[in-house]
Every structure is written in C-alpha cells, then in structure tokens.
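Worksheet for the structure shown next.
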Amino acid sequence: MKHKFTSIRKKTRGMSRRARKLPDWGAYHQELDVEGLCKHQKEYVKLWISPFYNLHQISENEVGKKNPPYKFRKQVLEQLIVIYLEWEQKLIELKKPYYLKIWVGDPEFMDSQVVAAVRSEIEYYDQLFMPSPEPKQFPYQIKHPSFGLFTWERCVNGYHVWESDLETEEEIEQARKKAVETKEYMIGGKVERSYFIGTGDMWVGSIRRS
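Residue 171 in UniProt numbering sits at position 171 of the sequence shown, and the numbers go up by one each step.
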C-alpha cells in the first residue's frame, strides 16, 4: 500500500503556539555534550521540528520537507545563534582547536543546523561544502545582538548520486546535466562517478574571534 503524505500546500496551523515553544527547544540544546564531542569528535543540532521535518507530498512523484513561514525561520535562526554562543563558551574552555558553525539552508531551511567538531573532524567539515562562485546577500536579518558579529559564506547545498545507482542512460544523462561537480573514483578496479546535484545555497556562519 502506497504511503500517503500530507500535501506541502496544506496550511500549517498553530504557528503562534509553535513559536512560543521555540525558546524551550533552544534551551534544551544549549548544553554541549562535551563528553560525546570528545568521543565522537562531532556534535550537532538538527531541526527536528514537526511537522516541517516530516516528508510532504510536493508532486505526484516527489516528496520533501516543508519550509516553515519566513517569520518562524527567523525565530529558529535566533535560537541557533543562542545555541552557537553557548557551545562556543564550552569549546573555548577546552583550549584546543575546534570547528563551530551554523549552517543555514536556502531554500532548504530544514537542512539548517549547528555543528561542532574537534581533532580530525575539523578538516572534514572545513572541506565539506563547495563555495558558491557568485556573491549574494544573506537572506535573513535577525535582531539578536550578536547577529552582526557573524560572517556568512555562501556555499552550494545538494546531494551526491553514484552513477552505478542510476538505472537508465536517461537518468545518467540527467545527472550529468544537473551536476555542479563530477568526481571519479577507482573502486574495485573500475571507475565510479559521483555527481553532486545542487539544490540551493548553504550559508556557513561563524564569529571570528581575534
């Protein structure tokens, strides 16, 4: 039986109530799990906020996450800034190099998160995103007093597709046309191609302390 998803066009009710709960959501995530960070070398807070994180029906053959209203997105971003600032204090106390960024997806806002990393994971995250070649203004203005301290780098958001996972020549050709980057790897004695399909921007923000 085919699963029926809620239409992405259906109005989300109770936004005022959801907005009132955001400070509690932010407060819950403000405490950085330092022990977990040191063990796994990374910690992050994703936007597990219902119903927006749930899959919605976009078209007959496509499902995806639903963007919250613009005002709610700004309120979420403010909480991400609060979480960032609290985590920053804990990371400074470690007196070791660290990675700490806020990722803001546009238009895929539900891809946004706060990410911290140490040791070998620092290099991984520093190289994770491809910078966008074209300048553009950051799409949000927040009243939080620390917002102006942030520097935002525009990068490419998207996903990887392995050519071996595609079933037809038509699918391979479509992936080639959509790809913003193609890489080749030697796996098991054969060349395997990976296509990176861009879906929008990923803004990577941080405060540069002197």
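Cβ coordinates follow ideal geometry from the N, Cα and C atoms, glycine included.
Contact between the region 141-148 and the region 115-130 is absent: fewer than 3 CB-CB pairs across the two stretches fall below 8 Å. Under DSSP, the beta-bridge partners assigned to H160 are F196. DSSP places K190 in the strand class (E or B) of the three-state scheme.
Of the candidates K101, L47, K90 and E170, the residue whose Cα lies closest to the Cα of L22 is L47.
Counting other Cβ atoms within 10 Å of its Cβ, I81 reaches 16 or more and is therefore classed as buried.
Y98 and I122 do touch by the CB rule: their CB atoms are close to 7 Å apart, below 8 Å. Excluding residues up to 5 positions away in sequence, I83 and E86 lie with their Cβ nearer than 6 Å to the Cβ of Q30 in the same chain. Excluding sequence positions up to five before and after E184, its CB lies within less than 6 Å of the CB of V191 and R193, all in the same chain and listed in chain order.
A distance below 7 Å between beta-carbons, with the five flanking residues on each side excluded, links Y53 to the following residues of its chain, in chain order: L47, K65 and M110. Here Y140 has R73, K74, L77 and V104 as same chain residues with Cβ atoms under 8 Å from its own Cβ, once five neighbours each way along the sequence are excluded.
Unbroken alpha helix (DSSP H) runs of no fewer than 4 residues, entirely contained in the region 49-98, are found at 70-94, following chain order.
Excluding five sequence positions before and after R176, the CB atoms of its chain that fall closer than 8 Å to its own CB belong to T182 and Y195, given in chain order.
Separation of the CB atoms of Q174 and A117 is rounded to 34 Å, and the pair is thereby denied contact status at 8 Å. Closest in alpha carbon position to L91, among E43, R154 and N67, is E43. If the five residues before and after L94 are omitted, its C-beta is found closer than 6 Å to no C-beta atom of its own chain. Look at E184 here: in three-state DSSP terms it is strand. Pairing N157 with G200 gives a Cβ-Cβ distance under 8 Å. With a threshold of 16 other beta carbon atoms within 10 Å, Q89 falls short and is exposed.
Taking C-alpha positions only, M15 is separated from W162 by approximately 39 Å. Residue state for F109 is assigned as helix, using DSSP reduced to three classes.
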